[in-house]
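Taken in order, these protein sequences are the chains called A and B.
The C-terminal residue of the first sequence carries number 151 in the numbering used here, and the numbering is unbroken.
The C-terminal residue of the second sequence carries number 279 in the numbering used here, and the numbering is unbroken.
In what follows, a structure is listed as structure tokens, so that the remarks can point back to it.
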Amino acid sequence: MPDNQWEQMLVTVAEEVLETMFFTGIYGPAQDAGPEDLPRFAAGVSFEGAPCGRLTLSIPETAARTLAADFLAAEGEGGLTDAQVGAVVCELANMICGALLSRVESGEHFRLSSPELVPAGAAPPACQHHRFLDLGEGALSLWLRLENHAA
Amino acid sequence: MAFRILIVDDSPVMRAFIRRIMVLSGIEATEFLEASDGQEALDMLQHQWVDVVLTDINMPGMDGEQFVRRLEADDLLKSVPVVVVSTDATEGRMHQMLSLGARGYVKKPFLPETLREELERVLGGAYA
Chain A
1 MPDNQWEQML VTVAEEVLET MFFTGIYGPA QDAGPEDLPR FAAGVSFEGA PCGRLTLSIP
61 ETAARTLAAD FLAAEGEGGL TDAQVGAVVC ELANMICGAL LSRVESGEHF RLSSPELVPA
121 GAAPPACQHH RFLDLGEGAL SLWLRLENHA A
Chain B
152 MAFRILIVDD SPVMRAFIRR IMVLSGIEAT EFLEASDGQE ALDMLQHQWV DVVLTDINMP
212 GMDGEQFVRR LEADDLLKSV PVVVVSTDAT EGRMHQMLSL GARGYVKKPF LPETLREELE
272 RVLGGAYA
């Protein structure tokens, strides 16, 4: 699959997940680069199959708390612990990765790892595909690394 | 009619989300039970009857595939309907889980009405 199709599919599934499960949307078209100077939550999911690879996302803390509050119907952003917000960010990564792979025509079953939080301040992963989506309170950054994949 | 519903997912926030969505979509439940993997769910089902099970596939410990296999191998528990709720919506995986004995399949992300419709279909006349 050509690179631009992977990136378009990444944007499409992220938008679908955000609208359906988090009751929010994306402002404007996806960007190639975004600001990285805000405190952030980050999570990653590895997957095995054809292809295998890893999806990583990061999101500014303010936006992450809003998403988590919407997802859990929590009263007020301050009511959620960092662990709860982190768990919701992990679930966001899990759903985007799963939805993406479900669109890949492959004869194999994909196996997803449990999503895990990535330490704050970690360098962005080296990936073939990356997109930045404006959530209004900051950009959701998405990176996709594919292995054993022929473009 | 109200139901006892068991939610099997390793993510506490996803279990909470599914509970919330079921309430929002008008599904009447007398009780929500929760388990974090298939083994914990099997242990619960030895002592408590439920009307339907919603299960994820990818879970540490006993995953959803093993869980459905174990349920189907149990003469008593195989009558409990299972609906898979998973991010894995590949045709192969859906076919596999339904072949193993799952009665329904809801792919994440899902709309509240999608979950309700699938539960209505699986629970059939009991939902009237």
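Virtual Cβ for every residue (Gly too), placed ideally from N, Cα, C.
Model, not experiment: these values are computed from the prediction.
- In this model, histidine 130/A and threonine 181/B are separated by some 45 Å (Cα to Cα).
- Assignment of glutamine 190/B by DSSP, reduced to helix, strand and coil, places it in the helix class.
- For the stretch 162-175 of chain B, the set of positions with a beta-carbon nearer than 8 Å to some beta-carbon of chain A reads Ser162, Pro163, Val164, Met165, Ala167, Phe168 and Arg171 in chain order.
- Of the other Cβ atoms in all chains shown, 16 or more fall within 10 Å of the Cβ of arginine 40/A; this residue is therefore buried.
- The alpha-carbon separation between glycine 243/B and glycine 49/A amounts to approximately 13 Å.
- Counting of Cβ neighbours within 10 angstroms places asparagine 94/A among the buried residues, the total reaching 16 or more.
- By alpha-carbon distance to phenylalanine 22/A, the top candidate from Ala64/A, Ser46/A and Ala30/A is Ala64/A.
- The C-beta of glutamate 91/A comes closer than 9 Å to at least one C-beta of chain B.
- Along the stretch 251-264 of chain B, the positions whose C-beta sits under 8 Å from a C-beta of chain A are Lys258, Lys259, Pro260, Phe261 and Leu262, read in chain order.
- Contact annotation for arginine 267/B against chain A: no contact, minimum CB-CB distance about 14 Å [criterion: below 7 Å].
- For phenylalanine 71/A, there is no enclosing beta strand (DSSP E); the residue is found in the alpha helix (DSSP H) stretching over 61-72.
- In the DSSP annotation of this structure, the continuous segment of the beta strand (DSSP E) that includes histidine 129/A starts and ends at 129-134.
- For threonine 238/B, the closest Cβ of chain A is nearer than 9 Å.
- In this structure, alanine 192/B keeps its C-beta atom at 9 Å or more from the C-beta atom of phenylalanine 168/B.
- Chain-order list of chain B residues neighbouring serine 46/A: empty, with the shortest C-beta distance near 12 Å, by a criterion of under 9 Å.
- Going by beta carbons, alanine 42/A and leucine 57/A fall inside the 9 Å limit.
- Per the Cβ contact rule, the stretch 160-167 of chain B is in contact with the stretch 183-199 of chain B (3 or more Cβ pairs under 8 Å).
- Proximity of glutamine 190/B to chain A, defined by a Cβ-Cβ separation below 9 Å, is not satisfied.
- Boundaries of the alpha helix (DSSP H) harbouring arginine 171/B: 163-175, taken from the DSSP string.
- Between leucine 266/B and isoleucine 178/B, the CB-CB gap stays under 9 Å.
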